[in-house]
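A.B. asks:
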Amino acid sequence: MRSDSLRRRLTWLIIAVQVVVLIPLGAISYHRERQEMIKLLDGRLAQAGRTLGTLIAYGHRDYTDNDAKRALELATDAQRGTVVVAVHPRNYEPEVGFQAYDPRGTLIAATANLADLPPPGRGEHGFSDIEHNGSQWRLFTLTNRFNLTIRIGERAENRYDITQGLILEHALPLLIGLPLLAILAGLAVKQGLRPLDALTQVLAERAPRSRKPVSIQRSPDEIKPLIVTLNQQLERLEDALEREHRFAGDVAHELRTPLAATLIHLESALIAEDTSETKLMLEKARRSLGRLGRRIEQILAIARLEAGAAVEQRIPIDLVTLATEVVEELAPIIAEKDISLSLSHDEPSIDVAGHEVALTAMFRNLLENALRYTPERSRVDIAVRRLGTQAVVDVCDDGPGIPPDRRNAAFHRFQRGVDTKEPGYGLGLSIVQRAVELHEGTIELLEAPSGQGLLVRIRLDALAAPAIDADR
Numbered sequence: 256m257r258s259d260s261l262r263r264r265l266t267w268l269i270i271a272v273q274v275v276v277l278i279p280l281g282a283i284s285y286h287r288e289r290q291e292m293i294k295l296l297d298g299r300l301a302q303a304g305r306t307l308g309t310l311i312a313y314g315h316r317d318y319t320d321n322d323a324k325r326a327l328e329l330a331t332d333a334q335r336g337t338v339v340v341a342v343h344p345r346n347y348e349p350e351v352g353f354q355a356y357d358p359r360g361t362l363i364a365a366t367a368n369l370a371d372l373p374p375p376g377r378g379e380h381g382f383s384d385i386e387h388n389g390s391q392w393r394l395f396t397l398t399n400r401f402n403l404t405i406r407i408g409e410r411a412e413n414r415y416d417i418t419q420g421l422i423l424e425h426a427l428p429l430l431i432g433l434p435l436l437a438i439l440a441g442l443a444v445k446q447g448l449r450p451l452d453a454l455t456q457v458l459a460e461r462a463p464r465s466r467k468p469v470s471i472q473r474s475p476d477e478i479k480p481l482i483v484t485l486n487q488q489l490e491r492l493e494d495a496l497e498r499e500h501r502f503a504g505d506v507a508h509e510l511r512t513p514l515a516a517t518l519i520h521l522e523s524a525l526i527a528e529d530t531s532e533t534k535l536m537l538e539k540a541r542r543s544l545g546r547l548g549r550r551i552e553q554i555l556a557i558a559r560l561e562a563g564a565a566v567e568q569r570i571p572i573d574l575v576t577l578a579t580e581v582v583e584e585l586a587p588i589i590a591e592k593d594i595s596l597s598l599s600h601d602e603p604s605i606d607v608a609g610h611e612v613a614l615t616a617m618f619r620n621l622l623e624n625a626l627r628y629t630p631e632r633s634r635v636d637i638a639v640r641r642l643g644t645q646a647v648v649d650v651c652d653d654g655p656g657i658p659p660d661r662r663n664a665a666f667h668r669f670q671r672g673v674d675t676k677e678p679g680y681g682l683g684l685s686i687v688q689r690a691v692e693l694h695e696g697t698i699e700l701l702e703a704p705s706g707q708g709l710l711v712r713i714r715l716d717a718l719a720a721p722a723i724d725a726d727r
């Protein structure tokens, strides 16, 4: 199974960077030193050839004297091996040889290792590489001012030994250093990732349902954004868990009674002997199911409001248009109760940045509450206006109202007025309040201006009004 370890990945990346950088640098350094070594050895070989030619010219001027020629050959043979190349940390004693030709092309001096080498051709000067007696030689040929042709050579094996030394000198630090660097890189990465280990330990020890944020005080700058985002996600998760817990409790508490009532009505209908009694029980069961459906709808509306704000983006929403759509939606109920409803606004459109689902639920529950508690042939007034930088929504009805000492409790779930006889579950104002909170607004329960009824006032932050063209 493949393991995606951040520590292992960083370690291998660091090792790869070291290999990519150090090996080419070592190769370049070796190549440059080798070139310098070749130039140095070639220069030494050329200098030795010029020096040898001068010594021969001044040491023996009569090239036809056989005795002197033999003495010169013996002298040059004795000088063989006196050239020493010292390369730290080992000393290399190269094998060299030479030939000397007079102006007539006669060999007048040579070492034993190059004595049988054919004479140089016409125009042969400078450096050349040849194979002689199974060995590679580096030769340098010159004609000095005494018209002596000097050919001096060095076996290439000596240079190969020096090259091998250079390779070892450059490769050994890499062979030893790279594994050591890999170990040190692994330790450095492990030390560098200790803040992540500490964060893992903190999260592992975190108590369930805890809302305490993870501290970012001693955290590296690179991890602080991660911890901030993690705290936000943990907060959202705790909110979601709390919503789920609350929703489950609401459903368990509120659906038990209507379900039991529906089952009782259905059982009564099954055992009823009279057809009219059966129809009556079935009608009661239908009404119970209708109330159950409304209760489920309201509970789901609260859950959607609480969960939707975390994922939906706010968009400009026209409150005037939204209120008009809700009034049209509830028109059958308004007509059934013969309610006189008015919708007024001081501007054609008043926009806020918000969630359409939440604001629609807010208007719908405000109007449904007003219609439910307002007597037939009464009045409900809705006003949407701009007040400075705020959008103000007023919903006023002629119902019984809410006493001042019970207005705060009216926003709690499943809380209803003690004297009310209208069907309901105390969820309407709770939904409205939650929608207002999602938009950082305020809600007030006031006495109606007429002294009879309830005035619900909501304030939300309004978007700037569109500019009006003065030329129109």
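Following our numbering, the numbering of the sequence shown begins with 256 at its first residue and continues without gaps.
No residue lacks a Cβ here, since even glycine has one placed at the ideal position from N, Cα and C.
Starting from the Cα of arginine 410, find the closest Cα among Arg400, Leu423, Phe395, Leu421 and give me that residue.
C.D. replies: The residue given as residue 410 occupies position 155 in the sequence shown. Arginine 410 has its Cα closest to that of Phe395, out of Arg400, Leu423, Phe395, Leu421.
A.B. asks: Please work out which residues of its chain come closer than 8 Å, Cβ to Cβ, to asparagine 402, disregarding the five sequence neighbours upstream and downstream, and give them in chain order.
C.D. replies: Taking the sequence shown and counting its residues from 1, one reaches residue 402 at position 147. So the qualifying residues of the chain are Asp357, Pro358.
A.B. asks: Below 8 Å between beta carbons: does that hold for alanine 524 and leucine 537?
C.D. replies: Your numbering for residue 524 matches position 269 in the sequence shown. Your numbering for residue 537 matches position 282 in the sequence shown. Their beta carbons are under 8 Å apart, which means alanine 524 touches leucine 537 by this criterion.
A.B. asks: Around the C-beta of isoleucine 431, are 16 or more other C-beta atoms found within 10 angstroms, so that it is buried, or is it exposed?
C.D. replies: Taking the first residue of the sequence shown as 1, we reach residue 431 at position 176. Looking at its Cβ environment, which holds fewer than 16 other Cβ atoms inside 10 Å, isoleucine 431 is exposed.
A.B. asks: Measuring CB atoms only, is the stretch 600-617 touching the stretch 634-652, in the sense that at least three cross pairs come out at less than 8 Å?
C.D. replies: yes
A.B. asks: Let me know the secondary structure DSSP gives alanine 364 once reduced to three states.
C.D. replies: Residue numbering aside, residue 364 sits at position 109 when the sequence shown is read from its first letter. Correct three-state label for alanine 364: strand.
A.B. asks: Could you tell me the alpha carbon to alpha carbon distance between arginine 641 and threonine 615, rounded to whole angstroms?
C.D. replies: Translated into positions along the sequence shown, residue 641 becomes position 386. Translated into positions along the sequence shown, residue 615 becomes position 360. Distance between the alpha carbons of arginine 641 and threonine 615: 19 Å.
A.B. asks: What residues match up with serine 595 in a beta bridge as DSSP calls it?
C.D. replies: Looking up residue 595 in the sequence shown gives position 340. DSSP output for serine 595 lists Arg634 as bridge partner(s).
A.B. asks: Are the CB atoms of leucine 307 and phenylalanine 353 nearer to each other than 8 Å?
C.D. replies: Walking along the sequence shown from the start, residue 307 turns up at place 52. Walking along the sequence shown from the start, residue 353 turns up at place 98. Their beta carbons are under 8 Å apart, which means leucine 307 touches phenylalanine 353 by this criterion.
A.B. asks: Quick one: what's isoleucine 407 bridged to in DSSP?
C.D. replies: For the purposes of this step, residue 407 is taken as the residue at position 152 of the sequence shown. Note: isoleucine 407 sits in a beta bridge opposite Phe353, Phe395.
A.B. asks: Helix, strand or coil: which one does DSSP assign to glutamate 477?
C.D. replies: As a first step, residue 477 is located in the sequence shown; it is residue number 222 there, counting from the start. Looking at glutamate 477 - three-state DSSP - the assignment turns out to be coil, as it is neither helix nor strand.
A.B. asks: With a threshold of 16 other CB atoms inside 10 Å of the CB of isoleucine 422, please say whether the residue is buried or exposed.
C.D. replies: Translated into the one-based positions of the sequence shown, residue 422 becomes position 167. The residue in question, isoleucine 422, is exposed, as its Cβ has fewer than 16 Cβ neighbours within 10 Å.
A.B. asks: Distance check for serine 531 and alanine 609, CA to CA, integer angstroms please.
C.D. replies: On the sequence shown, position 354 is the one that residue 609 refers to. On the sequence shown, position 276 is the one that residue 531 refers to. One detail in the question is off: residue 609 reads as glycine in this sequence, not alanine. Distance between the alpha carbons of glycine 609 and serine 531 is about 52 Å.
A.B. asks: By DSSP, does leucine 369 sit in helix, in strand, or in coil?
C.D. replies: Position 114 of the sequence shown, counting from 1, holds the residue named residue 369. It is coil, neither helix nor strand.
A.B. asks: What does the alpha-carbon distance come out to for the pair leucine 733 and leucine 544?
C.D. replies: For residue 733 there is no data in the structure shown, the boundaries of the chain being 256 and 727.
A.B. asks: Using 8 Å for Cβ pairs, my map puts leucine 296 next to arginine 449. What's the rounded Cβ distance?
C.D. replies: In the sequence shown, residue 296 corresponds to position 41, counting from 1. In the sequence shown, residue 449 corresponds to position 194, counting from 1. Their Cβ separation, rounded to whole angstroms, is 54 Å, which puts leucine 296 and arginine 449 out of contact at 8 Å.
A.B. asks: Look up histidine 600 in the DSSP assignment and give the residues it is bridged to.
C.D. replies: For the purposes of this step, residue 600 is identified with residue 345 of the sequence shown, where counting begins at 1. As a beta-bridge residue in DSSP terms, histidine 600 pairs with Val639.
A.B. asks: Over the uninterrupted alpha helix (DSSP H) stretch that includes alanine 453, give me the two end residues.
C.D. replies: For the purposes of this step, residue 453 is taken as residue 198 along the sequence shown, with counting starting at 1. Start and end: 449-459.
A.B. asks: Identify which residue in Arg299, Tyr285, Ile637, Gly298 has its Cα closest to the Cα of leucine 429.
C.D. replies: On the sequence shown, residue 429 is found 174 positions in, with the first residue counted as 1. Checked all of Arg299, Tyr285, Ile637, Gly298; the closest Cα to leucine 429 is Tyr285.
A.B. asks: By DSSP, does leucine 718 sit in helix, in strand, or in coil?
C.D. replies: Numbered from its first residue, the sequence shown carries residue 718 at position 463. Note: leucine 718 maps to coil in three-state DSSP.
A.B. asks: Ends of the alpha helix (DSSP H) at glutamate 580?
C.D. replies: Mapped onto the sequence shown, residue 580 falls at position 325. From DSSP, the alpha helix (DSSP H) with glutamate 580 extends over 574-584.
A.B. asks: Evaluate contact between the stretch 583-593 and the stretch 618-627, counting only Cβ atoms and requiring at least three cross-stretch pairs below 8 Å.
C.D. replies: yes
A.B. asks: From alanine 440 to histidine 387, what distance separates their C-alpha atoms?
C.D. replies: As a working note, residue 440 is residue 185 in the sequence shown. As a working note, residue 387 is residue 132 in the sequence shown. Rounded to whole angstroms, alanine 440 to histidine 387 spans 52 Å at the Cα level.
A.B. asks: Which residue from Ile269, Asp653, Leu715, Arg632 puts its Cα closest to that of lysine 445?
C.D. replies: Residue 445 sits at position 190 when you count from the first residue of the sequence shown. Of Ile269, Asp653, Leu715, Arg632, the residue nearest in Cα terms is Ile269.
A.B. asks: Could you please give the first and the last residue of the uninterrupted alpha helix (DSSP H) stretch that includes valine 607?
C.D. replies: Position 352 of the sequence shown, counted from the start, is the residue given in the question as residue 607. That residue, valine 607, is in no alpha helix (DSSP H); its beta strand (DSSP E) goes 606-609.
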